[in-house]
């Protein structure tokens with residue numbers, strides 16, 4: 022092997038391509054720093070603007086990807102790589118990846134639809150796909166729920182955007198519907214007054230809303246009452262359990278008796 026010729030070949034390649042590689046490397050490093058500062062600046066500007074906070078992380082991620090692709094194309098051009106061919110290769114690779122990741126693309130599209138049409142927002146209490154929880158984050162591919170018992174539920178946006186979603190806190194207030202059964206021998210007015218008294222003392226019941234105590238069913242043994250209490254979504258379960266516990270105490274104080282036959286108490 023002729024080491025002299027090999028050395029000359031290496032030096033020739035270094036002279037020919039070394040400067041381009043060094044320049045591309047410098048541009049890449051500086052470009053990454055500029056992109057980081059630019060995305061931080063845009064994020065700060067978005068926080069000061071009227072752009073929805075749910076959309077901001079998605080836009081920042083999208084812009085960051087776009088800037089990095091432009092940087093890679095610029096570096097490829099500095100190295101002498103034909104960018105048109107490079108773009109074609111990226112397009113073909115993107116098509117292959119897209120076909121392989123159809124489910125992920127559906128989740129991506131679902132995330133875009135959720136962010137645009139806003140069927141729910143971060144902080145809303147929703148029921149979807151058999152789960153009830155507070156929306157903690159709306160990500161590009163998934164939506165994160167936190168259940169009342171502090172479990173984290175990750176729902177894919179693709180199915181979430183095409184399936185029924187109940188936004189429990191969408192209106193800002195929510196009604197807790199309960200049914201209570203007492204013995205038919207109890208005085209109707211006394212029982213209704215007892216229930217209304219507990220509602221009046223409930224710290225979670227909204228004072229500017231009318232609450233209902235309605236006789237819903239009569240049998241020889243039982244009188245059933247629909248009790249409807251308005252509260253905020255955050256206090257739904259607090260209201261529910263407060264009513265159960267304190268109605269039990271109030272019924273005992275007023276001598277209101279249970280039915281002779283077992284009657285269940287349920288949440289409607």
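Numbering (our numbering), first residue to last: 22 to 289.
Ideal Cβ placement from N, Cα and C applies to all residues, glycine included.
Residue 189 is positioned such that its CB atom lies closer than 9 Å to that of residue 257.
Relative to the Cα of residue 157, the nearest Cα in the group 150, 149, 142 belongs to 142. Residue range 257-275 is occupied by the alpha helix (DSSP H) that includes residue 272. Taking the Cα positions, residue 78 is about 39 Å away from residue 263. Judged by their CB atoms, residue 280 and residue 229 are not nearer to each other than the 9 Å cut-off. Per DSSP, the unbroken alpha helix (DSSP H) holding residue 216 starts and ends at 209-222. Membership of residue 245 in any alpha helix (DSSP H) is not indicated; the residue belongs instead to the beta strand (DSSP E) covering 243-252. Rounded to the nearest angstrom, the gap between the Cα atoms of residue 67 and residue 149 is 30 Å. Looking from the CA of residue 127, the closest CA among 272, 235, 177 belongs to 177. With fewer than 16 neighbouring CB atoms inside 10 Å of its own CB, residue 70 falls in the exposed class. In the three-state reduction of the DSSP assignment, residue 48 falls in the helix class. Contact between the segment 41-58 and the segment 81-100 is present: three or more C-beta pairs spanning the two stretches fall below 8 Å. Nearest in C-alpha terms to residue 203, of all of 91, 246, 85, is 246. Shown here, residue 194 sits in coil according to DSSP, grouped into three states, outside any helix or strand. For residue 179, the enclosing alpha helix (DSSP H) covers residues 178-181. Nearest to residue 196 by C-alpha distance, out of 208, 216, 219, 226, is 226.
Per DSSP, the unbroken beta strand (DSSP E) holding residue 238 starts and ends at 233-239. In this structure, residue 95 lies near residue 52, with their beta-carbon atoms less than 9 Å apart.
When secondary structure is reduced to three states using DSSP, residue 204 falls in the strand class. About 35 Å separates the Cβ atoms of residue 253 and residue 205, ruling out a contact at the 8 Å cut-off. Ranking 154, 187, 162, 167 by CA distance to the CA of residue 140 puts 187 first. As the crow flies, the alpha-carbon of residue 270 is around 18 Å from that of residue 210. Judged by DSSP in its simplified three-state form, residue 154 adopts strand.
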